[in-house]
Amino acid sequence: MSSSIVTAATLGLCSCHACGLVMRPGSAFGKARCPKCGAAVHIRKPDSVRRCWALLIAAYILYLPANLLTIMETGSLISYRKDTIMSGVVHLWKSGSCAIAAIVFIASIMVPLFKLIALTILLISVQCRSTWWPTERSRLYRMVELVGRWSMLDVYVVTILAALVQIRSLATVRAGSGAVAFGTVVVLTMFAAMEFDPRLIWDPLRKESKS
Amino acid sequence: MKDSPQLPDFPEVADAVLERRQNRSSRLIWLIPIVAAIIGLSLAVKSYMERGTVITISFKSGEGLEAGKTKIKYKDVQIGEVKSIAIAKDRSNVVVTAELNREAKGLLVEDTRFWVVRARISSGGISGLSTLMGGSYIGVDAGKSSQHQEKFNGLERPPVVSMDVPGHQFILHTKDIGSLDVASSIFYRRMQVGEIVGYELDKDGNGLTLKIFVRSPYDRYVKTNTMFWHASGIDITFDSNGVKVSTESLGSLLTGGIAFQSPEERVDAPLAEANSEFTLFASKEEAMKRPDTIVESYLLVFTESVRGLPIGAPVDLRGVTVGEVSKINVELDPHRKQFTMPVEVRFYPERLRARYRKKAPKGGAMNSRDLLDALVEHGFRAQLRSGNLLTGQLYVSLDFFPKAPPAKMDWSKSIPEFPTIAGSMEQFQTTLMQIVQKFEKLPLEELAVDARQTIRTLDTTLKSADTLLKNVDAAIVPEARSMIIDVRKSLDDVRKTLDEARKTLGEAKQTLSSDAPLQLDMRDALREVGRAAQSLRVLGEYLERNPEALIRGKKGDER
Numbered sequence: 000m001s002s003s004i005v006t007a008a009t010l011g012l013c014s015c016h017a018c019g020l021v022m023r024p025g026s027a028f029g030k031a032r033c034p035k036c037g038a039a040v041h042i043r044k045p046d047s048v049r050r051c052w053a054l055l056i057a058a059y060i061l062y063l064p065a066n067l068l069t070i071m072e073t074g075s076l077i078s079y080r081k082d083t084i085m086s087g088v089v090h091l092w093k094s095g096s097c098a099i100a101a102i103v104f105i106a107s108i109m110v111p112l113f114k115l116i117a118l119t120i121l122l123i124s125v126q127c128r129s130t131w132w133p134t135e136r137s138r139l140y141r142m143v144e145l146v147g148r149w150s151m152l153d154v155y156v157v158t159i160l161a162a163l164v165q166i167r168s169l170a171t172v173r174a175g176s177g178a179v180a181f182g183t184v185v186v187l188t189m190f191a192a193m194e195f196d197p198r199l200i201w202d203p204l205r206k207e208s209k210s
Numbered sequence: 000m001k002d003s004p005q006l007p008d009f010p011e012v013a014d015a016v017l018e019r020r021q022n023r024s025s026r027l028i029w030l031i032p033i034v035a036a037i038i039g040l041s042l043a044v045k046s047y048m049e050r051g052t053v054i055t056i057s058f059k060s061g062e063g064l065e066a067g068k069t070k071i072k073y074k075d076v077q078i079g080e081v082k083s084i085a086i087a088k089d090r091s092n093v094v095v096t097a098e099l100n101r102e103a104k105g106l107l108v109e110d111t112r113f114w115v116v117r118a119r120i121s122s123g124g125i126s127g128l129s130t131l132m133g134g135s136y137i138g139v140d141a142g143k144s145s146q147h148q149e150k151f152n153g154l155e156r157p158p159v160v161s162m163d164v165p166g167h168q169f170i171l172h173t174k175d176i177g178s179l180d181v182a183s184s185i186f187y188r189r190m191q192v193g194e195i196v197g198y199e200l201d202k203d204g205n206g207l208t209l210k211i212f213v214r215s216p217y218d219r220y221v222k223t224n225t226m227f228w229h230a231s232g233i234d235i236t237f238d239s240n241g242v243k244v245s246t247e248s249l250g251s252l253l254t255g256g257i258a259f260q261s262p263e264e265r266v267d268a269p270l271a272e273a274n275s276e277f278t279l280f281a282s283k284e285e286a287m288k289r290p291d292t293i294v295e296s297y298l299l300v301f302t303e304s305v306r307g308l309p310i311g312a313p314v315d316l317r318g319v320t321v322g323e324v325s326k327i328n329v330e331l332d333p334h335r336k337q338f339t340m341p342v343e344v345r346f347y348p349e350r351l352r353a354r355y356r357k358k359a360p361k362g363g364a365m366n367s368r369d370l371l372d373a374l375v376e377h378g379f380r381a382q383l384r385s386g387n388l389l390t391g392q393l394y395v396s397l398d399f400f401p402k403a404p405p406a407k408m409d410w411s412k413s414i415p416e417f418p419t420i421a422g423s424m425e426q427f428q429t430t431l432m433q434i435v436q437k438f439e440k441l442p443l444e445e446l447a448v449d450a451r452q453t454i455r456t457l458d459t460t461l462k463s464a465d466t467l468l469k470n471v472d473a474a475i476v477p478e479a480r481s482m483i484i485d486v487r488k489s490l491d492d493v494r495k496t497l498d499e500a501r502k503t504l505g506e507a508k509q510t511l512s513s514d515a516p517l518q519l520d521m522r523d524a525l526r527e528v529g530r531a532a533q534s535l536r537v538l539g540e541y542l543e544r545n546p547e548a549l550i551r552g553k554k555g556d557e558r
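So the protein lines, in turn, are chains X and W.
Taking numbering that gives the first Met the number 0, the leading residue of the first sequence gets 0, the next gets one more, and so forth.
Taking numbering that gives the first Met the number 0, the leading residue of the second sequence gets 0, the next gets one more, and so forth.
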């Protein structure tokens, strides 16, 4: 990066996220507000890394019960099943719907795991002030943010089925405790991704170019 | 305001409004992972707590079982749930995987029994009606073993007696199950005191082994000498007192049952231990009969056919069964070149000696030997008799045959040989056989051949006779007719001739009548002849006396 690149931060300025007003943030301590619209302004998201870590760790913790506990109980006259995500995938695969099995596997197991790992990589790299492939890391972050909400697909399916299929003894679908954990994981990773400030990826570069 | 010196100043840029408020502790964010950890831990703990012991039970059929719904109940308290139902790899049965609560772990021992409780209508009654509404469940009967086990074989029907009912189990041996079934009742003095728990065919297939359970406190009436008998059905006895119908309870009439009792005179026998073995008798009479403790075996050698003599056939002494046939053999007698049928019989001398024993001291082997020898000397013999002419069933009869050829008991053999006599039926048969043999000896075939020849000859003869007759018919009849006409004419002539002859004869009669001159003449002439004959006789006599007169002449004057 050439030193000629000027960022708002190097100029001691910041913009309001809400109205786009450029201002001087003033003291690094305390909260600054936009003089125009009153929204909170900051050069970098405060405590971004720490919050992100906290949420990420919580997501990691809940990822285990989300995968180990039953996510859906389906009962019908003929059969009764208690499925975890993985057993559901296996069941789908065995019963011939390989495409759906793949979708569920990717959306419910791979994507959350990918998000968790990607965020971990980003956080570690930011903490180490790594200058390693900043563009790719930025792209990774965008991907994490983009893909985040789609992981809730599973939870939607379960909740909708649980709400719809309640024909007493004929057929019932119930959400298991795994679904709660899974939903929480997805929400937590989304929050973690939100908390993460992608500008932090670029900060070490500026410092490096300066020195 | 801090401005970078090398950067241009932006005087028009507004300053952010600063809030003096202390920034909220950013450490609060760590509550989230802590809460997540707590939730995660609690979920883990919960699932660990919920996770009981997983057991598998195999049943013959999965009827009424539903994964996730069917409960497992011990004394009607839920202790677990069926998790999944699968078919065994060999497809012989259904494997039910169930999860039991942690507190039910103590139940999982070797002899714990599982069965499906469903509505059942059996001879014993209706059970499990509640399952019609609430669905079937799996019942548990806690075992007493200490051997932990997690794989069980489910029972097909509920156990009759649960493990915690006090009482004793006994084993009965029988030849025939009759109408008995699992859960059939056990009666003691017509009071229901237990059930049949199970039965199985003996390995050799020769009988059945029944397991019965007698509840406490009635199990103390089962003594070592207790007799068990089939109490099922109706026992109708016709005797001189009339008709007697006896049954156990009406229930046992329908479902069958077993009754037991100890012989009245020996009530002080020791208690039977659990799993003692008894014999199940067919009827009370048979059971309560004086037990035949003394058994003597004898060999009866018959030369006749023993067809129709089954093993177990009675040995009968004037209508009283005193023994039974235990073995039938065939033996070749090499000296006499004939087959003999050694029949082994079991003889129960106690049945004979019930009265006799009171007088004499306990009859030993010697005593009975002497007695038997004496009896045999008086013509005591065994004989095969026909019990039923239609079926040809035979029995061995003991009786006195004073005219029987003398014989003796043969005590030298391992099984003493008792003399026999040919049966009445046998004698009859022999006679019949002889007759038949004589018949057979007749040259029937030759006779038949002869007869056939004769018949053939006769046939030809008849044929020739026939032709002859035809010839006669054709040739002779017309002639005969003319002849007959001639004959008739001749007869007419004859009649005329006869008339004339009659006339002639009438004339002759007139001629020959007594007063006819011819007759008179004849009479005179005959008289003359008579006289002549007389004088001839006189002459003869005279000549006889005086033959010399022929020469000298008559000496008539000498007188």
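Each residue gets a CB set at the ideal place from its N, CA and C atoms; glycine is no exception.
Look at X:Ala31: its C-beta is under 7 Å from a C-beta on chain W. Separation of W:Pro405 and W:Gly378 (C-alpha to C-alpha, rounded to the nearest whole angstrom) is 7 Å. Beta-carbon to beta-carbon, W:Val300 and W:Val344 are separated by about 11 Å, too far to satisfy the 8 Å threshold. Scanning the region 470-519 of chain W for uninterrupted alpha helix (DSSP H) segments of 4 residues or longer gives 476-511, listed from N- to C-terminal end.
Using a CB distance cut-off of 7 Å, W:Ala87 does not count as an interface residue toward chain X. For W:Ile54, the closest Cβ of chain X is not nearer than 7 Å. Taking a cut-off of 8 Å for Cβ pairs, the region 184-200 of chain X and the region 54-62 of chain X touch, as three or more such pairs fall below it. With distances taken between CA atoms, X:Lys35 lies nearest to X:Ser14 out of X:Asp46, X:Ser14 and X:Ile42. Residue environment: W:Ala103 is assigned as buried (16 or more neighbouring CB atoms within 10 Å of its CB, all protein chains considered).
Taking a Cβ-Cβ threshold of 7 Å, the residues of chain X close to W:Ser46 are Leu68, in chain order.
In this model, W:Ala500 and W:Leu511 are separated by some 16 Å (Cα to Cα). If you draw a straight line from the Cα of W:Thr55 to the Cα of X:Ile123, it comes to about 49 Å. Counting only runs that start and end inside the region 36-114 of chain X, the alpha helix (DSSP H) elements of at least 4 residues fall at 47-67, 84-93 and 97-104. Within chain W, the residues whose beta carbon sits less than 8 Å from that of X:Met22 are Val12, Ala13, Asp14 and Ala15, listed in sequence order. Within the region 81-155 of chain W, the beta strand (DSSP E) runs of at least 3 residues that lie entirely inside it are, in chain order, 93-99, 112-116, 119-121, 124-126, 136-140 and 150-152.
About 6 Å separates the Cβ atoms of W:Ala97 and W:Lys82, confirming a contact at the 8 Å cut-off. When the Cα atoms are used, W:Leu397 and W:Asn92 turn out to be separated by approximately 59 Å. Taking the C-beta atoms as reference points, W:Glu149 is found no nearer than 7 Å to W:Lys59. Under DSSP, X:Gly175 forms no beta bridge with any residue. Per DSSP, reduced to three states, the secondary structure at X:Ser137 is helical. Minimum Cα-Cα distance from X:Tyr155 among the listed residues X:Gln165, X:Thr130, X:Trp131 and X:Ser107 corresponds to X:Ser107. Listed in chain order, the non-local C-beta contacts of W:Pro477 below 8 Å within the same chain number zero, local neighbours out to five positions each way being set aside.
Here the region 305-312 of chain W makes no contact with the region 431-450 of chain W; the two share fewer than three CB pairs at distances below 8 Å. For W:Ile310, no CB of chain X lies under 7 Å from its own CB, so it is not counted at the interface with that chain.
By the rule that beta-carbons nearer than 7 Å mark a contact, W:Leu42 touches chain X. With respect to the 7 Å criterion, W:Phe227 and W:Phe259 are classified as neighbours on the basis of their beta carbons. The beta-carbon of X:Arg136 is placed no less than 7 Å from the nearest beta-carbon of chain W.
Closer than 7 Å to the CB of W:Pro165 there is not a single CB belonging to chain X. Here DSSP, grouped into helix, strand and coil, assigns W:Ile185 to strand. Residue-level contact check: X:Gly182 does not touch chain W, since none of the beta carbons of chain W fall below 7 Å from its beta carbon. Between W:Ala273 and W:Gln426, the gap from beta carbon to beta carbon reaches 7 Å or more. Rounded to whole angstroms, the separation of the alpha carbons of W:Val108 and W:Ile78 is 15 Å.
Contacts with chain W at 7 Å (Cβ-Cβ) do not include X:Ile123. Going by beta carbons, W:Val213 and W:Val192 fall inside the 7 Å limit. Taking C-beta atoms under 8 Å as the contact rule, W:Ser215 and W:Gly166 qualify, at a distance of about 5 Å.
For W:Glu194, there is no enclosing alpha helix (DSSP H); the residue is part of the beta strand (DSSP E) that begins and ends at Met190 to Leu200.
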